[in-house]
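Written out below as structure tokens is the structure these notes cover.
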Amino acid sequence: MQQFRPTPQINRYPKVVIFASLFTAAIVVGVLFRLFTPSTSPVPENLPVLIPTPSAVHPKLTLNWKTTELPPTKQSKTYSHPTNAVSQGFIDRLVSQLHFTPQHKIDTKTTDILYVNGSKSLTINQPSGPLTFVDSSSLSPIKTGFRQADMDRLVMDKLQTLLDISAPLKVASTPRYYTGDQSVAAEIAQSVQYDFTVEIDGLPLISPSFTNYPITITLDNNLNLISLSIHGLFIPEGTGEVSKLFDFSQLQTIAPVAAQKLPSLHSTGTESQFESTSDVLLNVDDISLAYIYSESSQTLIPAFLLTGTAAPYGFRAVDTSYVVPATSN
């Protein structure tokens, strides 16, 4: 992945907002170019994806197991054909909530959706996402920052008002506070960023996004929406099929060939190193369980989440996560 260097015009924002803004701008330019430039070549089927999926490159992976302790769960369920929360009804409601009108919709000549209204843009990569909203206008002046005791409730209320999702949402990470693109204390922050997920049978749903979770929202200190990203938000239906989970010996066997690296907000500049190297060493510090969506089988499956540090051959180690299917079903 190309390494982006924030320019003075956009360095007021956290990294994930900067990336979304750059990609949205690229989409707008690309759409306008296609609209006004004759071409004999076919129109691409997909616009650029805002949040990267795991790399298709598979370097040789060597695992150093610093822990051998698996979660106590011995079996879990798989769910076939779950519902994508980003339905047409969901999109229509969100478009209205964000004050876009039909006049703001740009014809992309594809199945993808693009709305632009001044500094605000909404892009939806069809059929499975991601969905990204960005408001690139100036942030509110710094006042008193954020009161941490109130933030979980306030941000949850804001998100539920926007999305109206039937499945219960859960805070998935510690909030990140920023002034510009620098991480700061809540009391002096200009913006706050939260990750959310849904729980399936007590396990979090993770997504191949920069934050590993299906929803990321950024607000300024007046609780105005700066950005919203939704990727891989699937809701299970039915009772599911019980599956026996792999034991540690089986995990050791399949992990080197089946482990898939998740992108990382904290190591975006090193993603290209993982893609270009032939060897990666992963130090596994923790093993947990989560759910992931398999596009090939259209199934929600349990997976082992391996977290630790990984070093592409010849480069320094960075914090990272890999997912490995936890069952053969």
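First residue of the sequence shown: 371, per my numbering; consecutive thereafter.
Backbone N, C-alpha and C fix where the C-beta goes; we use that ideal spot for every residue, glycine too.
Between the CA atoms of ASP565 and SER536 - distance to the nearest angstrom: On the sequence shown, residue 536 is found 166 positions in, with the first residue counted as 1. On the sequence shown, residue 565 is found 195 positions in, with the first residue counted as 1. Whole-angstrom Cα-Cα distance: 18 Å.
Measuring straight from C-alpha to C-alpha, what distance separates LEU484 and PHE503? Taking the sequence shown and counting its residues from 1, one reaches residue 484 at position 114. Taking the sequence shown and counting its residues from 1, one reaches residue 503 at position 133. Their backbone Cα atoms lie some 10 Å apart in a straight line.
Count the other CB atoms, across all protein chains shown, that sit within 10 Å of the CB of ILE570; report buried if there are 16 or more and exposed otherwise. Taking the sequence shown and counting its residues from 1, the one referred to as residue 570 is at position 200. Buried, because 16 or more other Cβ atoms sit within 10 Å of the Cβ of ILE570.
Quick check: what's the CA-CA separation for GLN630 versus THR586? For the purposes of this step, residue 630 is identified with residue 260 of the sequence shown, where counting begins at 1. For the purposes of this step, residue 586 is identified with residue 216 of the sequence shown, where counting begins at 1. Roughly 21 Å separates the two Cα atoms.
Is the beta carbon of VAL456 less than 8 Å from the beta carbon of LEU575? Reading the sequence shown from its first residue, position 86 is the one you call residue 456. Reading the sequence shown from its first residue, position 205 is the one you call residue 575. It is not a contact, given that the beta carbons lie outside the stated cut-off.
Residues in its own chain within less than 6 Å of LEU405 by CB, not counting five upstream and five downstream? The residue labelled residue 405 in the question sits at position 35 within the sequence shown. Confidence at LEU405 is low in this model, with a pLDDT of 42, below 50, so its placement is unreliable and the value that follows should be read with caution. Counting only Cβ-Cβ distances below 6 Å, and skipping sequence neighbours, we find nothing.
Distance between beta carbons of GLU611 and LYS447, contact taken as under 8 Å: By one-based count along the sequence shown, residue 447 stands at place 77. By one-based count along the sequence shown, residue 611 stands at place 241. Indeed they touch by this definition, with Cβ atoms about 6 Å apart.
What would DSSP say about ARG523, mapped onto helix, strand or coil? Within the sequence shown, the letter at position 153 stands for residue 523. Residue state, collapsed to three classes: helix.
Excluding the 5 residues flanking ALA681 on each side, which residues of the same chain have their C-beta closer than 6 Å to its C-beta? Within the sequence shown, numbered from 1, the residue matching residue 681 stands at position 311. LEU651, ALA687, listed in sequence order.
Please report the distance separating the alpha-carbon of HIS469 from that of LEU676. In the sequence shown, residue 469 corresponds to position 99, counting from 1. In the sequence shown, residue 676 corresponds to position 306, counting from 1. Between HIS469 and LEU676, the C-alpha separation is close to 41 Å.
Cutting at 7 Å between CB atoms, please list the residues of its own chain near VAL694, excluding the five before and the five after it. In the sequence shown, residue 694 corresponds to position 324, counting from 1. Cβ neighbours of VAL694 beyond the five flanking positions: LEU621, ILE624, ALA625, ALA628, ALA629, ALA673, PHE674, LEU676.
Would you say the stretch 488-495 touches the stretch 463-478, given that touching needs at least three Cβ pairs under 8 Å? yes
Exposed or buried, what is GLN563 when buried is set at 16 or more other beta-carbons lying within 10 Å of its beta-carbon? Along the sequence shown, read from residue 1 onward, the residue named residue 563 stands at position 193. Classification of GLN563: buried, given that the 10 Å Cβ count is 16 or more.
For a quick check, are the C-beta atoms of ALA559 and TYR548 less than 8 Å apart? As a first step, residue 559 must be located in the sequence shown, where it is residue number 189. As a first step, residue 548 must be located in the sequence shown, where it is residue number 178. Yes.
CB-CB length for ILE657 against THR432, believed under 8 Å: One-based indexing of the sequence shown puts residue 657 at position 287. One-based indexing of the sequence shown puts residue 432 at position 62. About 17 Å separates the two Cβ atoms, so there is no contact after all.
Distance, THR478 Cα to PRO414 Cα: In the sequence shown, residue 414 corresponds to position 44, counting from 1. In the sequence shown, residue 478 corresponds to position 108, counting from 1. Note that PRO414 has pLDDT 31, beneath the 50 cutoff, so the model's placement of it is unreliable and no number is given.
Just to confirm before moving on: does the CB-CB distance between GLU338 and PRO497 stay below 8 Å? This structure leaves residue 338 out entirely; the chain is present only between 371 and 699.
Use the C-beta contact count for TYR692: other C-beta atoms within 10 angstroms, 16 or more gives buried, fewer gives exposed. Position 322 of the sequence shown, counting from 1, holds the residue named residue 692. With 16 or more other Cβ atoms within 10 Å, it is buried.
Tell me, please, which residues DSSP counts as bridged to ASP505. As a first step, residue 505 must be located in the sequence shown, where it is residue number 135. Paired residue(s): LYS490.
Are the CB atoms of HIS601 and SER634 nearer to each other than 8 Å? By 1-based counting over the sequence shown, the position of residue 601 is 231. By 1-based counting over the sequence shown, the position of residue 634 is 264. For HIS601 and SER634, no; Cβs fall outside 8 Å.
Between the CA atoms of ALA542 and THR679 - distance to the nearest angstrom: Residue numbering aside, residue 679 sits at position 309 when the sequence shown is read from its first letter. Residue numbering aside, residue 542 sits at position 172 when the sequence shown is read from its first letter. Cα to Cα, the separation comes out at about 21 Å.
Round the Cβ separation of ASN582 and LEU632 to the nearest angstrom and send it over; I've been treating them as touching at under 8 Å. As a position in the sequence shown, residue 582 is number 212, starting the count at 1. As a position in the sequence shown, residue 632 is number 262, starting the count at 1. The pair is a contact, with the Cβ atoms about 5 Å apart (cut-off 8 Å).
According to the Cβ coordinates, are PRO353 and SER599 closer than 8 Å? Given a span of 371 to 699 for the chain in the structure shown, any question on residue 353 remains unanswerable.
Please determine, among SER698, LEU589, TYR663, the residue with the shortest C-alpha to C-alpha distance to SER579. By one-based count along the sequence shown, residue 579 stands at place 209. Selected option, being the one with the closest Cα: TYR663.
Contacting residues, own chain, Cβ-Cβ under 7 Å from ASN699 (five flanking each side not counted): Counting from 1 along the sequence shown, the entry for residue 699 is found at position 329. So the list reads THR448, GLU611, SER613, once near-sequence residues are dropped.
Enumerated in chain order, which unbroken segments of the alpha helix (DSSP H) with a length of 4 residues or greater are wholly contained in the stretch 599-641? 618-628
Throw me the rounded Cβ distance for the ILE596 and SER561 pair, which I believe falls under 8 Å. Taking the sequence shown and counting its residues from 1, the one referred to as residue 596 is at position 226. Taking the sequence shown and counting its residues from 1, the one referred to as residue 561 is at position 191. With a Cβ gap of about 6 Å, ILE596 and SER561 count as contacting.
Looking at LYS540: is its Cβ nearer than 8 Å to the Cβ of LEU593? Here residue 540 is taken as the residue at index 170 of the sequence shown, counted from 1. Here residue 593 is taken as the residue at index 223 of the sequence shown, counted from 1. Taking 8 Å as the Cβ cut-off, LYS540 and LEU593 do not qualify as a contacting pair.
Own chain partners of LEU670 with C-beta closer than 7 Å, once the 5 adjacent residues on each side are dropped: As a first step, residue 670 must be located in the sequence shown, where it is residue number 300. Around LEU670: THR448, TYR449, PRO452, ILE570, PHE604, PRO606, TYR661, TYR663.
Can you check DSSP and say which residues form a bridge with PHE566? In the sequence shown, the residue the question calls residue 566 occupies position 196. In the DSSP output, where bridge partners are listed per residue, PHE566 has VAL541, ILE585.
Three-state class that DSSP yields for VAL401 in the structure shown: Taking the sequence shown and counting its residues from 1, the one referred to as residue 401 is at position 31. Annotation note: pLDDT 45 at VAL401 (below 50); position unreliable, no value reported.
Which stretch, first to last residue, makes up the beta strand (DSSP E) that contains VAL688? Residue mapping note: residue 688 aligns to position 318 of the sequence shown, counting from 1. Counting along the chain, the beta strand (DSSP E) containing VAL688 begins and ends at 688-695.
Would you tell me roughly how many angstroms separate the C-alpha atoms of ARG523 and ASP649, rounded to the nearest one? Counting from one through the sequence shown, the residue named residue 523 turns up at place 153. Counting from one through the sequence shown, the residue named residue 649 turns up at place 279. Approximately 44 Å, taken between the alpha carbons.
Any idea if ASP462 is buried or exposed, counting beta-carbon neighbours within 10 angstroms, 16 or more meaning buried? Mapped onto the sequence shown, residue 462 falls at position 92. Per the 10 Å Cβ criterion, exposed.
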